[in-house]
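The numbering of the sequence shown is the numbering used here, which starts it at 450 and goes up by one.
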Amino acid sequence: MLTPSLEDYLEEIYRFSIELGFIRITDVANKLDVSLPSVNKAVKILSKKGYLEYLPYKNIDLTEKGTRLGKFLVRRNQMLQNFLEAIGSEADKEEEAEAIEHYLSRETVDAMTMVVDFFRNNPDIQQQLIAFQKKYKNTQDSPNNI
Ligand code: MN
């Protein structure tokens, strides 16, 4: 198990490996708005845990284990944004997915993924939900009215 912070590092490292084909400490630092020593420290820990191959002043490479988890973390983040969209949340979906992603069990991630796919395959039911939400907002049941 990785800490939320290490999950975010691995997630961004995986994104860079896909988008640029290489991973640089400076890119990760800029993206996550953290210092170079912080990234160095995280990279060392992720290497020790077998997610990265790293020699100081050389390239960083994802191991197979790191690639697998990185892909999962990126997909989980995207799924959560899609989930928040699907249930009609008006929150900042990017920010909220970023915050909640680390605290969900694999079982809950699977269940939420299914909800996203369910709505994708049943747009008529999604429309019913949206219509219900519009009415619901004005009823006393809404938590906003408590
Ligand atoms: Mn996060």
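Note that the Cβ used here is the ideal one computed from N, Cα and C, for glycine as well.
Going by alpha carbons, who is nearest to residue i out of the options?
| i | options | result |
| --- | --- | --- |
| Arg517 | Ser484, Ile467 and Glu543 | Ile467 |
| Lys520 | Ser496, Lys490 and Tyr500 | Tyr500 |
| Glu456 | Gly537, Lys498 and Glu539 | Lys498 |
| Phe532 | Glu461, Phe567 and Phe465 | Phe567 |
Based on the DSSP secondary-structure assignment, which residues constitute the bridge partners of residue i?
| i | result |
| --- | --- |
| Glu502 | Asp510 |
Do you know how far the Cα of residue j is from the Cα of residue i?
| i | j | result |
| --- | --- | --- |
| Ile549 | Gln530 | 10 angstroms |
| Lys584 | Thr475 | 49 angstroms |
| Glu543 | Leu553 | 16 angstroms |
| Glu547 | Ile536 | 17 angstroms |
| Gln527 | Val558 | 11 angstroms |
| Pro572 | Ser484 | 44 angstroms |
| Ala491 | Met561 | 29 angstroms |
| Ile509 | Val477 | 11 angstroms |
Could you tell me whether any non-hydrogen atom of ligand 1 is closer than 8 angstroms to the CB of residue i?
| i | result |
| --- | --- |
| Ala491 | no |
| Asn526 | yes |
| Asp457 | yes |
| Ala560 | no |
| Ala535 | no |
| Glu547 | yes |
| Glu502 | no |
Within the 9 angstroms Cβ cut-off, does residue i reach chain D?
| i | result |
| --- | --- |
| Val564 | The displayed structure is made up of one protein chain only, and chain D is not part of it. |
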